[in-house]
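Shown next, in structure tokens, is the structure this report addresses.
Number of protein chains: 2
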Amino acid sequence: MAIEIKGLTKRSENYSQWYNELVVKADLAEQSAVRGCMVIKPYGYAIWEKMQQTLDRMFKETGVQNAYFPLLIPKSFLCREAEHVEGFAKECAVVTHYRLKNDPNGKGVVVDPDARLEEELIVRPTSETIIWGTYKNWIHSYRDLPVLCNQWANVMRWEMRTRMFLRTSEFLWQEGHCAHATAEESEARTVQMINLYADFAEKYMAMPVIKGVKSANERFAGALNTYTIEAMMQDGKALQSGTSHNLGQNFAKAFDVTFVNKDNKPEYVWANSWGVSTRLMGALIMTHSDDNGLVLPPHLAPIQVVIVPIFKNDEQLAAITEKVMPIVERLTQLGISVKYDDADNKRPGFKFADYELKGVPVRLAIGARDVENGTVELMRRDTLEKETLQLAGIADHINTLLEDIQANIYNKALKMREEKTYICDSYDEFKERIEDGGFFLCHWDGTTETEERIKEETKATIRCIPLDGDDTPGVCMVTGKPSARRVIIARNY
Amino acid sequence: MAIEIKGLTKRSENYSQWYNELVVKADLAEQSAVRGCMVIKPYGYAIWEKMQQTLDRMFKETGVQNAYFPLLIPKSFLCREAEHVEGFAKECAVVTHYRLKNDPNGKGVVVDPDARLEEELIVRPTSETIIWGTYKNWIHSYRDLPVLCNQWANVMRWEMRTRMFLRTSEFLWQEGHCAHATAEESEARTVQMINLYADFAEKYMAMPVIKGVKSANERFAGALNTYTIEAMMQDGKALQSGTSHNLGQNFAKAFDVTFVNKDNKPEYVWANSWGVSTRLMGALIMTHSDDNGLVLPPHLAPIQVVIVPIFKNDEQLAAITEKVMPIVERLTQLGISVKYDDADNKRPGFKFADYELKGVPVRLAIGARDVENGTVELMRRDTLEKETLQLAGIADHINTLLEDIQANIYNKALKMREEKTYICDSYDEFKERIEDGGFFLCHWDGTTETEERIKEETKATIRCIPLDGDDTPGVCMVTGKPSARRVIIARNY
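Chains S and U supply the protein sequences, listed in that same order.
First residue of the first sequence: 30, per our numbering; consecutive thereafter.
First residue of the second sequence: 30, per our numbering; consecutive thereafter.
Take a look at the structure:
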């Protein structure tokens with residue numbers, strides 16, 4: 030596949046364009062022939078797979094099992110929960126027919142009008158309805174609870190404006206759907222999962238996040254309460270990276286899912302749902318990458334170390350390869366994924382730029398003189414620093430270095446967020462400063478009216494009411510009415 | 030979830046009903062509210078996940094990478110390859126609208142007529158068209174080749190008669206799509222993948238298969254040649270378990286995908302595609318299971334060993350648990366998945382029946398007297414044989430035993446297939462004997478007419494022209510015309 034490396038727009042010139050270009054140039058994804066849908070290319074998918082594997086293991090450690098529910102949802106199911114249908118049924122892909130036929134008037138095929146479905150089917154925008162329709166058969170007694178299911182699936186929401194990974198009509202995600210015997214247990218699971226997402230974001234994506242609760246306005250359609258993790262991108266905008274919803278008994282009531290409790294009385298089941306999506310790819314890219322391309326956290330990089338030989342002839346290559354092989358072996362032993370790129374149809378300079386663009390955390394370059402001296406040149410992608418090191422012990426050095434890089438990019442992102450997080454008590458000041466991005470810790474009177482006014486006047490929204498941090502009451506910066514605590518307001522993706 | 034164990038129909042009474050009941054009773058899957066679509070329940074999904082993980086590793090070892098392509102395919106794409114549209118466009122889910130709106134005449138929502146798509150989108154029945162439409166952008170030079178992509182995805186084919194796992198409107202699968210510079214290389218990959226599927230079937234599913242080529246009539250729509258693996262179920266019917274298609278240059282021509290070859294000349298790219306699906310779950314169930322329930326091959330069993338304590342009080346349980354823990358630890362060390370079921374709300378007898386139904390390969394039962402004697406009762410699921418063994422060294426014994434069970438159920442299935450495979454040279458005899466099932470090695474004149482006559486008169490089809498075995502020429506059992514070699518004829522799922 031032809032790779033064009035040059036000409037990546039600088040972040041400072043146009044952050045948005047930088048992102049769009051980087052997604053394509055780093056071979057992560059591309060637009061497809063279908064409006065709003067992307068193709069996730071092998072390199073991008075390899076990163077997503079690492080995320081999936083890690084999350085899947087973390088879910089299972091908490092007792093969650095995977096299952097699979099139908100792609101298509103009967104229209105009537107969506108309507109059962111009043112808020113839910115308002116939130117999701119409006120922009121969705123609708124299957125109306127189940128057959129095409131040869132065009133009687135010419136070439137090609139047309140929809141067969143005789144094959145109209147009695148009831149339209151919706152390509153799932155999320156699966157609460159079909160799953161709670163199913164749970165009705167699974168749950169009868171408190172002994173059947175909890176049910177802790179997750180599914181890895183594709184979903185569709187007919188988005189008008191799309192951007193690769195951030196907002197696409199089809200996207201990949203996981204959706205967990207738990208059923209519990211008590212409100213307390215369900216709430217505990219809801220919180221457990223947002224904590225799990227925060228751990229994943231911080232330990233694997235090296236992305237600091239703020240855990241919080243959504244305002245009523247930003248809540249999931251049908252939820253009592255939505256927990257969120259919010260990350261700051263390098264342009265100071267927020268990116269909602271994962272959500273966990275306490276659904277109360279809303280879906281159990283909509284689908285009549287009851288259980289006999291320990292006192293032998295029927296009761297509606299308590300529900301929560303939680304999900305992250307390929308949107309995390311966008312968050313990952315925008316949190317760490319720079320004007321040279323991707324910067325991947327070692328814990329999610331498909332290739333953690335690349336070794337590039339610099340040679341003029343086969344003899345030199347053979348001598349280099351002899352030195353490299355034990356390093357490859359040792360790295361592999363240590364569980365580090367390494368690629369030895371000895372292809373002779375590309376120049377080292379091209380390879381360097383390509384692996385930089387692709388965000389490989391550590392690059393080794395080794396030439397004929399290095400072989401003589403027993404040395405190797407190491408470059409770390411996060412700082413672009415180079416140093417010449419002894420070959421002996423290099424694998425173990427890299428093993429430590431990868432953890433350093435992981436910690437370094439996390440700290441860098443955290444520092445940036447801290448620098449761009451402001452306490453603000455004046456709405457006028459807020460309106461001015463929001464133009465430059467950042468998280469604003471402001472007092473808000475808790476009303477939807479004020480929230481909508483802020484949004485209308487500044488395009489900023491209440492990202493969350495943080496779970497941690499300063500919870501001192503105050504007065505709303507807009508209305509002067511009482512405020513329970515500061516919330517985070519920002520523009521967002 | 031309530032489990033009803035009793036009343037599984039016997040295979041000898043009604044094989045088809047036995048299968049349908051077993052799928053539900055063993056908690057593998059159930060019908061959903063959407064016609065022809067199933068819910069794959071956690072236990073069923075855990076088996077599918079083991080298949081996925083194994084296949085995914087095997088694919089990657091051959092250089093294949095995963096990617097993801099859109100769910101929806103523009104109608105015009107399907108029409109580009111003439112045979113392909115004939116084969117697939119007729120029975121498919123068609124998305125015609127992208128919005129619902131509140132019903133102006135009442136409750137609920139209706140399709141918004143203003144949100145009609147200019148061009149209908151088809152829920153993918155298979156992805157050759159969208160993928161080759163994409164490859165056009167990826168492939169320019171021989172240096173871009175080969176492209177070796179796979180995707181794990183859901184697909185839909187609007188089936189009129191459905192059976193769980195075997196034939197459902199939506200199913201899960203993987204589809205590999207490779208692009209090559211030469212016909213030879215593409216053919217070699219096509220064969221490599223059918224060999225890989227056969228290895229997987231035999232080594233992991235413990236299911237013997239016959240590798241062969243499909244007749245023109247049974248070929249994939251748009252392929253030059255389809256390779257297949259065919260397995261025999263216990264009722265003597267065939268189940269096509271995986272296919273690999275040599276697509277020649279058909280899709281490259283349809284989507285105008287050319288590359289500049291080493292001689293600097295433009296040439297169409299050579300293609301193949303290959304897939305297996307959740308149908309394999311049906312094959313797995315029907316190959317090994319018995320009147321007591323599932324029999325799972327140890328290599329794919331989510332739980333390989335279950336340990337059931339038999340106790341009257343907490344003191345006894347504590348004594349048993351003390352003995353059991355080191356065994357659990359040792360089994361885990363050996364990479365064996367083990368469940369210690371010390372739940373006190375179910376009786377041992379119930380647990381025994383449940384784990385038998387679920388096909389757990391090895392069951393240990395341990396009571397108070399066993400603790401005194403340092404013994405344990407072991408039952409292997411494949412033969413239902415029980416023996417009392419010393420606790421010392423039990424984990425290592427099980428490690429060997431699991432391999433024995435794996436080999437035993439493979440050999441049992443192979444023996445059954447051999448016993449039900451017949452050489453037959455008389456069409457009258459064939460018509461009589463096919464009623465009892467089995468594979469018939471018969472001479473066939475190679476024409477579609479004869480093939481269709483056989484199908485019409487006997488409901489049997491040519492499953493494949495085997496790659497191995499007796500290739501002596503002869504005369505067609507139906508027409509007496511020359512036959513290149515015997516083919517396999519059978520009724521099938």
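Heads up, the beta-carbon is just placed ideally off N, CA and C, and yes, glycines get one too.
All figures in this text were calculated on a predicted structure; none of them were measured in a lab.
Under the three-state DSSP convention, the category residue 123/U falls into: If DSSP states are grouped into helix, strand and coil, residue 123/U belongs with the strands.
C-beta neighbour in chain S for residue 79/U, strict 8 Å: The beta carbon of residue 79/U sits no closer than 8 Å to any beta carbon of chain S.
Buried versus exposed, by CB contacts within 10 Å (16 or more), residue 455/S: Here residue 455/S is exposed, its C-beta having fewer than 16 other C-beta atoms within 10 Å.
Any alpha helix (DSSP H) of 4 or more consecutive residues that is wholly inside the region 271–350 of chain U: Listed in chain order, they are 279–283, 308–317.
Residues that DSSP places opposite residue 186/S in a beta bridge: Residue 186/S is not bridged to any residue.
Unbroken beta strand (DSSP E) run spanning residue 195/S, endpoints: Per DSSP, residue 195/S belongs to no beta strand (DSSP E) and is neither H nor E.
Local conformation of residue 374/S per DSSP, three classes: The answer is coil: DSSP assigns residue 374/S none of H, G, I, E or B.
Contact test: residue 349/S Cβ vs the ligand COA heavy atom, cutoff 7 Å: The ligand COA is not among the ligands present in this structure, which contains no ligands whatsoever.
Bridge partners - residue 363/U, DSSP secondary structure assignment: Answer by DSSP bridge pairing: none, since residue 363/U is not bridged.
CB contact flag (residue 260/S, residue 115/S, <8 Å): If you check the CB distance, residue 260/S and residue 115/S do not come in under 8 Å.
Proximity test, Cβ basis, 8 Å: residue 290/U and chain S: At a cut-off of 8 Å, the C-beta of residue 290/U has no neighbouring C-beta in chain S.
Inter-residue CB distance, residue 120/S and residue 186/S (contact presumed, cutoff 8 Å): Correct: roughly 6 Å between the Cβ atoms.
Three or more C-beta pairs below 8 Å linking the region 410–421 of chain U and the region 223–232 of chain U: Not touching, per the Cβ criterion.
Any C-beta of chain S under 8 Å from that of residue 330/U: Against chain S, the CB of residue 330/U has no partner CB under 8 Å away; the residue lies outside that interface.
DSSP three-state assignment for residue 509/S, whether helix, strand or coil: Residue state, collapsed to three classes: coil.
Residue range of the unbroken alpha helix (DSSP H) whose run includes residue 456/S: Bounds of the alpha helix (DSSP H) holding residue 456/S are 456–462.
Minimum Cβ-Cβ distance from residue 32/U to chain S less than 8 Å: With a pLDDT of 46 at residue 32/U, under the threshold of 50, the modelled position of that residue is not reliable, and the figure given next carries that caveat. Contact of residue 32/U with chain S is not assigned, every C-beta pair being separated by 8 Å or more.
Residues that residue 154/U bridges to, as DSSP identifies them: Partner(s): none; residue 154/U has no beta bridge.
Residue-level contact to chain U via CB, residue 71/S, 8 Å cutoff: Output row for residue 71/S: interface = yes.
Local conformation of residue 103/U per DSSP, three classes: Correct three-state label for residue 103/U: strand.
Secondary structure of residue 42/S, DSSP reduced to three states: Collapsing the DSSP output to three states places residue 42/S in coil.
Cut-off 7 Å between Cβ atoms - residues of its own chain near residue 510/S, not counting five sequence neighbours on either side: Contacts found: 474, 504.
Contact the region 299–318 of chain U vs the region 358–370 of chain U: 3+ CB pairs below 8 Å: No, they do not touch.
Cβ-Cβ separation, residue 171/S to residue 289/S (assumed contact under 8 Å), whole Å: That belief holds up - the Cβ atoms of residue 289/S and residue 171/S are roughly 7 Å apart, short of 8 Å.
Neighbour-count burial assignment, residue 41/U, 16 or more Cβ in a 10 Å radius: Exposed: under 16 other Cβ atoms inside 10 Å.
Per-residue burial, residue 80/S [other beta carbons within 10 Å of its own, 16 or more giving buried]: With 16 or more neighbouring CB atoms inside 10 Å of its own CB, residue 80/S falls in the buried class.
Endpoints, beta strand (DSSP E) assigned at residue 435/S: In the DSSP annotation of this structure, residue 435/S is not part of any beta strand (DSSP E); the continuous alpha helix (DSSP H) holding it starts and ends at 423–448.
Sequence-distant residues of the same chain with beta carbon closer than 8 Å to residue 178/S, five excluded per side: So the qualifying residues of the chain are 93, 94, 95, 96, 160, 205, 206, 207.
Neighbour flag for residue 505/S against chain U, beta carbons, 8 Å: It does not; no Cβ of chain U falls within 8 Å.
Residue environment, residue 46/S, which counts as buried when at least 16 other CB atoms sit within 10 Å: Counting C-beta atoms within 10 angstroms of its own C-beta, residue 46/S has fewer than 16 neighbours from the protein chains shown and is therefore classed as exposed.
Residues near residue 167/S by beta carbon distance below 7 Å, same chain, minus five either side: Within the same chain, residue 167/S has close Cβ partners 173, 176.
Span of the alpha helix (DSSP H) around residue 220/U: Element bounds for residue 220/U: 212–232.
Delimiting residues of the alpha helix (DSSP H) encompassing residue 80/U: Residue 80/U -> alpha helix (DSSP H) spans 71–90.
Close-in-space but distant-in-sequence residues of the same chain around residue 268/S (CB under 8 Å, 5 per side omitted): Taken in chain order, the residues that qualify are 195, 259, 260, 261, 262, 308, 311, 312, 315, 521, 522.
Run of the beta strand (DSSP E) containing residue 468/S, from where it starts to where it stops: Secondary structure note for residue 468/S: its beta strand (DSSP E) is the uninterrupted segment 468–472.
Alpha-carbon to alpha-carbon, residue 458/S and residue 90/S: A direct Cα-to-Cα measurement between residue 90/S and residue 458/S gives close to 47 Å.
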